[in-house]
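For reference, the structure is listed below as structure tokens.
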Amino acid sequence: MADNALKRLAQSRKPGRWLIAAIESVQESHGAGRVDPGWFHPSDFGNDCDAFLAFKFLGAPAVEDISARSRRIFDHGSGRDYYLKMDVKKAGISLIKNEADRKIVIPHLRIRGELDDWVQNPSTGRRYVVDFKTMNTTEFKALEAVKVSHHRQLHPYMYNKETYEGYVLYEDKNDQELKSMPADFVMTLWQAEIVDRIDRVLTGIRHGLVRRNPPPNDSRCPFYNICSIADIKKLLEQSGLEL
Ligand code: SF4
276 MADNALKRLA QSRKPGRWLI AAIESVQESH GAGRVDPGWF HPSDFGNDCD
326 AFLAFKFLGA PAVEDISARS RRIFDHGSGR DYYLKMDVKK AGISLIKNEA
376 DRKIVIPHLR IRGELDDWVQ NPSTGRRYVV DFKTMNTTEF KALEAVKVSH
426 HRQLHPYMYN KETYEGYVLY EDKNDQELKS MPADFVMTLW QAEIVDRIDR
476 VLTGIRHGLV RRNPPPNDSR CPFYNICSIA DIKKLLEQSG LEL
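Just so you know, the sequence shown maps onto residues 276 to 518 in my numbering.
Encoded structure:
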């Protein structure tokens, strides 16, 4: 058991607290998160900040403090993804024959990633890219259309699979109710928010100047500690990437 958990255990007077402390000692993490220099990942386009995309692309030093509770929230989402993929396969509508079929690579845009599912409607023969998301009850009840950031994320998957229709399947974390929101390919969105944005970010990296559009909670950004002091041109040199 980690030292911090032992300390919490020693301080606790509540019965059974030791059990939670022991579990949480392995759930908390402090690290660099996923690093894949030279590539943009579809989920990263959900973040509106160009500097965030640039730092990810450059493999800049990130700090991600994941609390035990956040880890449980992420694990819940990943667990639901796993079971939904199994269920889509069992339903006989998945076009994914092996795990390699989930991988997408768009070399000229330096995008790579992995989609959740790719399905075919048995009655119409139409194909769709599908992404799974979980959300809290309040958000779920208010949801009337696909969230903008999720719609954006689906575009590289649809482009790669040449499948221009999609859904985001939302699940309420509380009662497991489902909502399937259409998220079709929109050419103007693809051009402005993916293709042109990548061009702007790469040009910015070359010139050492990228837009910073901090979201309200940007202190949670893994690059928060380096953001105002980072030298983008130097990070590019250190990465060894050719642009
Ligand atoms: S700390 Fe804020 S401004 Fe800097 S990269 Fe992150 S989101 Fe963007």
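In this text, a Cβ means the ideal position worked out from N, Cα and C, and glycines have one as well.
Starting from residue i, trace the alpha helix (DSSP H) both ways and give me its first and last residue.
i, result
"F498", "Careful: F498 lies outside any alpha helix (DSSP H) and carries neither H nor E."
"P431", "V423 to K436"
"W302", "A small fix is needed here, since residue 302 is Gln in this sequence, not Trp. Here the alpha helix (DSSP H) through Q302 covers R292 to Q302."
"V225", "The question about residue 225 has no answer here: the residues shown for the chain are numbered 276 through 518."
"Q513", "I507 to S514"
Answer with buried or exposed for residue i, where buried requires no fewer than 16 other C-beta atoms within 10 angstroms of its C-beta.
i, result
"Q428", "buried"
"N435", "buried"
"K408", "buried"
"A296", "buried"
"M433", "buried"
"Y403", "buried"
"I298", "exposed"
"I504", "exposed"
Following a CB-centred definition, is residue i positioned closer than 7 Å to any heavy atom of the ligand SF4?
i, result
"R487", "yes"
"P336", "no"
"D493", "yes"
"F315", "no"
"F320", "no"
"F327", "yes"
"P490", "yes"
With DSSP collapsed to three states, give me the class of residue i.
i, result
"S369", "strand"
"F460", "coil"
"D450", "coil"
"T412", "helix"
"E389", "strand"
"L518", "coil"
Can you tell me where the beta strand (DSSP E) holding residue i begins and where it ends?
i, result
"K378", "K378 to I381"
"D340", "E339 to I341"
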